[in-house]
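Undergrad: Below is one structure. I have some questions about it.
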């Protein structure tokens, strides 16, 4: 099968359908490719989850970028239906650190320089 590719060699632009968030004071948007999360990262939350915060470490997990709701335009925020087979649904507000670049084992200064915004 011979499929047409764009100038970058992709069948489609990888960011064309990516979720994104508004950038304050800009018409541009920040693409969301991956969402990394930390659970039990503060004492009250660990207790709420039935964990012993003095003995159990926080754990890490990912979420789909499709789970992100952009609230920058209140008229465009979708109403989220309560799932019919769920007895308890929690909403969460999250702090997002958007990175302009990646890296590993960065110094504190280099890590701070990699932050695009919050």
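In my numbering, the protein residues as written are 13 to 130.
Backbone N, C-alpha and C fix where the C-beta goes; we use that ideal spot for every residue, glycine too.
1) Figure out for me which residue from 57, 107 and 121 has the closest Cα to the Cα of residue 66.
2) Straight-line CA distance for residue 45 to residue 79?
3) Can you tell me whether residue 110 is helix, strand or coil according to DSSP?
4) Residue 59 to residue 109, Cα distance in whole Å?
5) Taking the alpha carbon of residue 39 as the reference point, which residue from 77, 113 and 85 has its own alpha carbon closest?
TA: In short, the structure shows the following:
1) 57
2) 12 Å
3) Residue state, collapsed to three classes: strand.
4) 25 Å
5) Distances from the alpha-carbon of residue 39 to those of 77, 113 and 85 put 85 closest.
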